[in-house]
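Step one of this worksheet: look at the structure below.
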Amino acid sequence: MLLILRLMSNKIRRKPKIVRKSFSIFVLLISFILFLQSCYQKKLIAPPTNLTFNEGFENPIGFYDATPSFSWKLPQEIDEQASYHLVAASTPELLSDSPDIWDTGKVSSSQSLYVSYEGKPLSSRDELYWKVQIWNTKGESSAWSEVAHMQLGLLNNEDWQAKWIGLDTRKDSIKGKNNTTIHTPQYLRNKFETNKELLSAKLYVTAKGVFKGFLNGKAISEDVMTPGWTPYQKRIESLTYDVTDMLQEGENVIGFQLASGWHFGRLLWNKMIWGQTGSPKILSQLEILYADGSKQVISSDKTWKGTTEGPIRFAEIYDGEIYDANFEMPRWATSSFEDANWRNVEITELDKTVKISPKRHHTVKTKMEMPAKNIIELENGTGIIFDFEQNMVGVPKLKVPMKKGDTLRVRFSEMLDPDGSFYTDNYRSAGSTDYYIASQDGMIDWYPIFTFHGFQYVELSGYDLSATPKKEWVTGLVQYSDFDKNGTFTSSHDKLNQLQSNINWGLRGNFFDIPTDCPQRDERLGWTGDAQVIAPTSIFNNDVHSFWSSWLQSVRESQYENGGIPFVVPDAVENNRVSAGWGDAAVIIPWAIYERTGDMTVLQENYQMMKNWVNYHQMQSEDNLSPMKDSFGDWLQPHPVKESNKRGDTSKKLIGTAFFAHSAHLTAKAAAVLGLLEEKEKYQNLYHTVANAFEQEFFDEEGKIKNSKATQTAYLLALDFELLSDANRNKAEKHLLDKIKEADNHLRTGFIGTPLLPRVLDTMGETDLMYEILLKETYPSWFYSINQGATTMWERWNSYSKLEGYNPESMNSLNHYAYGAVGEWMYERIAGIKPLEPGYKKTRIAPVPGGGLTSAEATYESPYGKIKSAWNLKGTSFYLEAIVPPNTSAIMSIPTSKKEAIIINGKQLKEWKNIKMVELTDGNISFEVSPGTYHVEAITNK
Ligand code: BGC
884 MLLILRLMSN KIRRKPKIVR KSFSIFVLLI SFILFLQSCY QKKLIAPPTN
934 LTFNEGFENP IGFYDATPSF SWKLPQEIDE QASYHLVAAS TPELLSDSPD
984 IWDTGKVSSS QSLYVSYEGK PLSSRDELYW KVQIWNTKGE SSAWSEVAHM
1034 QLGLLNNEDW QAKWIGLDTR KDSIKGKNNT TIHTPQYLRN KFETNKELLS
1084 AKLYVTAKGV FKGFLNGKAI SEDVMTPGWT PYQKRIESLT YDVTDMLQEG
1134 ENVIGFQLAS GWHFGRLLWN KMIWGQTGSP KILSQLEILY ADGSKQVISS
1184 DKTWKGTTEG PIRFAEIYDG EIYDANFEMP RWATSSFEDA NWRNVEITEL
1234 DKTVKISPKR HHTVKTKMEM PAKNIIELEN GTGIIFDFEQ NMVGVPKLKV
1284 PMKKGDTLRV RFSEMLDPDG SFYTDNYRSA GSTDYYIASQ DGMIDWYPIF
1334 TFHGFQYVEL SGYDLSATPK KEWVTGLVQY SDFDKNGTFT SSHDKLNQLQ
1384 SNINWGLRGN FFDIPTDCPQ RDERLGWTGD AQVIAPTSIF NNDVHSFWSS
1434 WLQSVRESQY ENGGIPFVVP DAVENNRVSA GWGDAAVIIP WAIYERTGDM
1484 TVLQENYQMM KNWVNYHQMQ SEDNLSPMKD SFGDWLQPHP VKESNKRGDT
1534 SKKLIGTAFF AHSAHLTAKA AAVLGLLEEK EKYQNLYHTV ANAFEQEFFD
1584 EEGKIKNSKA TQTAYLLALD FELLSDANRN KAEKHLLDKI KEADNHLRTG
1634 FIGTPLLPRV LDTMGETDLM YEILLKETYP SWFYSINQGA TTMWERWNSY
1684 SKLEGYNPES MNSLNHYAYG AVGEWMYERI AGIKPLEPGY KKTRIAPVPG
1734 GGLTSAEATY ESPYGKIKSA WNLKGTSFYL EAIVPPNTSA IMSIPTSKKE
1784 AIIINGKQLK EWKNIKMVEL TDGNISFEVS PGTYHVEAIT NK
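Residue numbers for the sequence shown follow our numbering, beginning at 884 and rising by one.
Okay, here's the thing in structure tokens:
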């Protein structure tokens, strides 16, 4: 355009003045229009934010994946992304000038999550910087996002020049409970020099056992019980720390405290799976880069020295820690310490079959500090009890006055007996006691580091009796895997809010590097059944995407050759036995994560395991019925016919066959997502065949259970897993309602049936009944345990009662998350946020008021951004505030039939041109909305 004007102006120069003047005005006008246009084009929309890798990692160092995926969030004002442009480079400078790793160019796509890497191959230690720019559907572009970064860890065993080192503590070990070997914790150190200008220093480290590292006397990190727990015979995780700022010119010292942890510690049934031979070891490689380009590597090798004469005298996960201050070695991890009487370490090469790979989820950390709320002085005056008014998991921080030579004994309990006495029977053989031996008079400042406890009460004895006890003496350090909170739920019902709090504390207490059944007794294992029932609820409450993906890797590595999945993962019991509903975690959890995160990787990674598991069901089935004789049944079902029957009354064969069909069904769905259409057909057919066999074997023509005991759980399995023909389904639903009525509208379900109850009743439109069951105060119910003082989820509906005290069974944990699975219904239906498409690409916002509640609210930080559903009810006036995040849509379902009374953001529904009505059978008014904040007013049917 400008060129044409210039050519014209040359010609016009020779024309009369008036023509020249009008031409100038014309040129000015055109220039102004061009200027306006360019301004319009340059108007930049806000850039994407929250750049992450894989399962949500922000700027990780020591990352585990050389082909990562990339995700970002859009600013709230953008409805939809039309295109993106992503660039990646090995330095921030190159990123702006000429990205040397990856440049996608402008890609026409709405994908903003898990974009797969297609750049230059990456290898150990490589760095990657990236940023992204997006366009909306109007063609407006954003500015570039801020730069995100990652650095890979050591991905291959060949990257390690360090050796496993440690003292042979087996020689001087003591015998523990049931003749187990108790290794005395050791201290290891090495001196080295740095004399040049430093660029960076990275420490790559792991242990067979658990470690805490020090550089020049300072702790390298506050991580707890690293490296964590994996199937050690296959894989040990390594950690990477940037220690550049911890080094000093001249002499430096690196040191480690090392204890048994899960690798060499005694675990359930004292089998010592990984600790039968050898002793705890450390593997440490400190890589220093100097400004002149040279590199120095300080590896764990034979030049290191060690001692077992340090202050930590004993440390076991179940039994606690003993710290003797008389053994303290001041400044042992600094260069001024003399280690002449320390022993030479033994060295071992890296085992070929055990892969050392970077940790793929967050370490355990101290996440909260809880002050003690009350002190109870014991009658005989020798001890005191600190009450935190919250059952929690972690260790106590002790600032307690002591007299030289005295031993402080620190005991733990989850609850007191009704007579006020300290109750520890439910720890079973776990000693769960810490000791501190004072080397001088005065205040100690100490907490154990190689053990953890489940407790609400701490009992101290052996402190300076002349001092007046203060609450400040003990602080509870709450420890769990370092994830953030993702979702919230509150309502107008106090006990429901307490239940939500108990669910959250159950998760905090049992996500200690792996998902555990309980955190306090001699178990604390990755029970697969408990994990599969809590997974959906956990993902809503916390950002546990990487936590689950990581544990699933351990499940894959633990799968038996015949496809069976062990009872617990990592497999600390190794008994080759398998249970339906437990092993099915291998299929149910990947699918649950995919549905809630939209991350296909979890299906790709686990698909083979899923197929192997379904194959296992098939191999041991007869006539398509899967008996699974070692099954745990509907574990801890209340009121079984025989009180001693922990496995409940539902037929094991019925449970096994139901899970066989269900796992085949989910595997078919996974195959469809992965584009494996033939396999999808195969598993779909298998599901139908098994469902058919199930119906023939267990249901008569009246939709009633035959050949086995009719239980709530039997009906729930048939209905939730869609195993009945159309003709039988409605009939079976009626029988389920009869069963519930028989129990005076109480549940009669254990671990397997309980999570299905809300789902099935909801699908049946029986939400009022579900509310009634949920809000029941009498046994068995969620509120029953709250009425008895529960601040976490309990293993049994009646683990404790104010009248009768503890359940006489010693298998009686007060921190067991399984029954917290009802949380899923609380946020999906009471508050109303449910994914309709994977990752909440489409959400259903469909709250169901009921149970006398006048309000409920949930927020959820979905992969696309914040979702909110908050409703309240005044008489029949219903008000809803909802937020739908960018790049997604939602079906909103309003509990009314009075369409004309619906007002959205001040405008009547019918005036909204771009809202699409959706016909659903639930009698509500439903419509599809785009991203935004909505204030909806309506008149309810009730
Ligand atoms: C655990 C459970 C587990 C069960 C299997 C128990 O000891 O604590 O939560 O699922 O065993 O039977």
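Just so it is clear, CB atoms sit at the ideal spot from N, CA and C, and this is done for glycine as well.
- Secondary structure at D1317: strand, using DSSP grouped into helix, strand and coil.
- Relative to the non-hydrogen atoms of ligand 1, the Cβ of H1244 never comes closer than 8 Å to any of them.
- For the 9 Å CB-CB criterion, G1531 and S1509 do not form a contact.
- DSSP places S1025 within a strand segment (E or B) once states are collapsed to three.
- With 5 Å as the limit, the residues whose C-beta approaches any heavy atom of ligand 1 more closely are D1400, W1410, G1412, D1413 and F1515, in sequence along the chain.
- In this structure the stretch 1186-1205 lies against the stretch 1312-1324, because at least three pairs of beta carbons, one per stretch, are closer than 8 Å.
- DSSP links T1089 through a beta bridge to L1166.
- Rounded to whole angstroms, the Cβ separation of S1437 and S1514 is 22 Å, and the two are not in contact under 8 Å.
- Per DSSP, the unbroken alpha helix (DSSP H) holding D1609 starts and ends at D1609 to E1625.
- The C-alpha of T1052 lies about 25 Å from the C-alpha of E1406.
- Beta-bridge pairing by DSSP links D1270 to N1257 and Y1340.
- The secondary-structure analysis by DSSP pairs S1772 across a beta bridge with K1725.
- The continuous beta strand (DSSP E) containing P1241 extends over residues K1238 to P1241.
- The residues N1309, E1678, R1679, S1682 and Y1689, in chain order, have a CB closer than 7 Å to that of N1695 in the same chain once the five nearest residues on each side in sequence are set aside.
- Runs of beta strand (DSSP E) with 3 or more residues, each lying fully within the stretch 1062-1087, are found at 1069-1077, listed in chain order.
- In the three-state reduction of the DSSP assignment, I1713 falls in the helix class.
- Contact between the stretch 1516-1535 and the stretch 1430-1446 is absent: fewer than 3 CB-CB pairs across the two stretches fall below 8 Å.
- Beyond the five residues adjoining it in sequence on each side, P1638 comes within less than 6 Å, by CB distance, of V1416 and A1704 in the same chain, given in chain order.
- At a cut-off of 4 residues, not a single continuous stretch assigned as alpha helix (DSSP H) sits fully inside the stretch 1493-1531.
- Around the Cβ of I1057, a 10 Å sphere holds fewer than 16 other Cβ atoms; the residue is exposed.
- Just measuring C-alpha positions, the residue of W1027, Y1306, G1264 and G1092 sitting nearest T1160 is G1092.
- One Cα belongs to F1577, the other to S1504, and the distance between them is close to 12 Å.
- By the Cβ test, the stretch 1594-1607 is not in contact with the stretch 1471-1490, since fewer than three Cβ pairs between them sit closer than 8 Å.
- For D1175 against K1079, the beta-carbon gap comes to about 6 Å, under 8 Å, which counts as contact.
- For E1232, the three-state secondary structure derived from DSSP is coil.
- With distances taken between CA atoms, P1814 lies nearest to A1765 out of P1778, M1800, A1765 and I1808.
- Going by DSSP, Y1346 is part of no beta strand (DSSP E) at all; its letter is neither H nor E.
- With a minimum length of 4 residues, the unbroken runs of alpha helix (DSSP H) contained wholly in the stretch 1088-1150 fall at 1144-1147.
- For N1695, the three-state secondary structure derived from DSSP is coil.
- In the structure shown, the three-state DSSP call for H1818 is strand.
- Per DSSP, reduced to three states, the secondary structure at T974 is coil, with no helix or strand assignment.
- Closest in alpha carbon position to H1032, among A1601, E976 and R1226, is E976.
- Distance from N1824 to S1780 at the Cβ level is roughly 6 Å; contact confirmed, criterion being Cβ atoms closer than 8 Å.
- In chain order, R1727, V1801, S1809 and E1811 place their CB closer than 6 Å to the CB of I1774, counting only its own chain and leaving out the 5 sequence neighbours on each side.
- Look at S1682 here: in three-state DSSP terms it is coil, with no helix or strand label.
- Residue pairing from DSSP places F1372 in a beta bridge opposite A1741.
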